[in-house]
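Peer 1: What follows is a single structure, and I will ask about it in a moment.
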Amino acid sequence: MKRPTKTATSEADEEPRVDGRHLRRLRTEQRLVSAVGELLRESGVAALGVNAVAERAGVEKVLVYRYYGGLDGLMEAYADVSDFWPTLEELVGKKGEVLRDPDKARAGTRVLANYAAALRKRPVTLDLLAWECAHRNALTVALEKVREERSTELAEALTAAGVIPSEAAATIGTLFAAAINYLAVRGRELSVFGGVGVRTSKDWARIEEAIYVALRALARDTAHAD
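In our numbering, the protein residues as written are 10 to 235.
Next comes the structure, spelled out in structure tokens:
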């Protein structure tokens, strides 16, 4: 007796069915989020508005309210899915190899240098860092949330690897990160700040050397204190 074989119809019936409406919504959401990024890159934060985003996405503006509750919700969605803040992997390496450097001052320096490089290749992020100093909106708040989450994740990794040996070291690292934020933003318009070059890769290599000198001195002081 022959065993029954599956027909093409029965095999198709076993495949998961995709809800057409759900798929259309996902595509619309992707278009809206992409539109936010395009407007930011072209015209900055001031260009963002429900009408402008909907027009760029080619959808009715009512969908911004239906899917996100308004512009604030869309900004939060953009922050969640876009690559506008450096990841832990960018800073410490795919397998955390940066943190395994026995010279902890050099490891900390490399993390900060990677952070600076990651920021400098994100013009939209630099625009937002500049914007949040004078204006707060849903997007800058979302940026702040992502930044703090990533900072906490990084601090935990640095502490576990012994790169941050003390509370003072953690505070100094934060001050360096804040300085990098500021200099990277200013480097868009200025080539020199306080006599220090802040625009070219060569300029930032010198900044990296200065950071290493400071972190190495801190490491020596910490070792003597112990």
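C-beta: ideal position from N, C-alpha, C; glycine also.
Please classify residue 201: is it buried, with 16 or more other beta-carbons within 10 angstroms of its beta-carbon, or exposed?
Peer 2: Exposed, because fewer than 16 other Cβ atoms sit within 10 Å of the Cβ of residue 201.
Peer 1: Quick one: grab the DSSP three-state call for residue 185.
Peer 2: If DSSP states are grouped into helix, strand and coil, residue 185 belongs with the helices.
Peer 1: Rounding to the nearest angstrom, what Cα-Cα distance links residue 186 and residue 192 in this structure?
Peer 2: Near 10 Å, if we compare the C-alpha coordinates of residue 192 and residue 186.
Peer 1: If you draw a straight line from the alpha carbon of residue 82 to that of residue 121, how long is it in whole angstroms?
Peer 2: Near 32 Å, if we compare the C-alpha coordinates of residue 121 and residue 82.
Peer 1: To which residues of the same chain is residue 100 closer than 8 Å at the C-beta, ignoring the five residues directly before and after it?
Peer 2: Excluding sequence neighbours, residue 100 sits near 107, 120, 123, 124, 127, 163.
Peer 1: Measure the C-alpha to C-alpha separation of residue 168 and residue 208 and round it to an integer number of angstroms.
Peer 2: Cα to Cα, residue 168 sits roughly 31 Å from residue 208.
Peer 1: Looking at the secondary structure, which residues open and close the alpha helix (DSSP H) in which residue 60 lies?
Peer 2: Residue 60 -> alpha helix (DSSP H) spans 59-66.
Peer 1: Quick check: the Cα distance between residue 102 and residue 69, rounded to an integer number of angstroms?
Peer 2: Rounded to the nearest angstrom, the two C-alpha atoms are 42 Å apart.
Peer 1: Where does residue 207 fall in DSSP's three states?
Peer 2: Reduced to three states, the DSSP call for residue 207 is coil.
Peer 1: Please work out which residues of its chain come closer than 6 Å, Cβ to Cβ, to residue 204, disregarding the five sequence neighbours upstream and downstream, and give them in chain order.
Peer 2: Excluding residues within five positions, none has a Cβ falling inside 6 Å.
Peer 1: One question on the structure: do residue 136 and residue 46 come within less than 7 Å of each other, judged by their Cβ atoms?
Peer 2: For residue 136 and residue 46, no; Cβs fall outside 7 Å.
Peer 1: Can you list, in chain order, the residues of its chain with a C-beta nearer than 7 Å to that of residue 165? Leave out the 5 residues immediately preceding and following it.
Peer 2: None.
Peer 1: Who are residue 201's beta bridge partners in DSSP?
Peer 2: Looking at the DSSP assignment, residue 201 forms a beta bridge with 206.
Peer 1: With contact counted as at least three CB pairs below 8 Å, one residue from each stretch, are the segment 172-191 and the segment 209-229 in contact?
Peer 2: Touching, per the Cβ criterion.
Peer 1: For the putative contact between residue 151 and residue 85, defined by C-beta atoms under 8 Å, what is the C-beta separation to the nearest angstrom?
Peer 2: Correct: roughly 5 Å between the Cβ atoms.
Peer 1: So which of 77, 170, 89 has the shortest CA-CA distance to residue 111?
Peer 2: For the residues 77, 170, 89, the minimum Cα distance to residue 111 belongs to 170.
Peer 1: If I measure Cβ to Cβ from residue 49 and keep anything under 6 Å in the same chain, skipping five residues before and after, which residues do I get?
Peer 2: Taken in chain order, the residues that qualify are 133.
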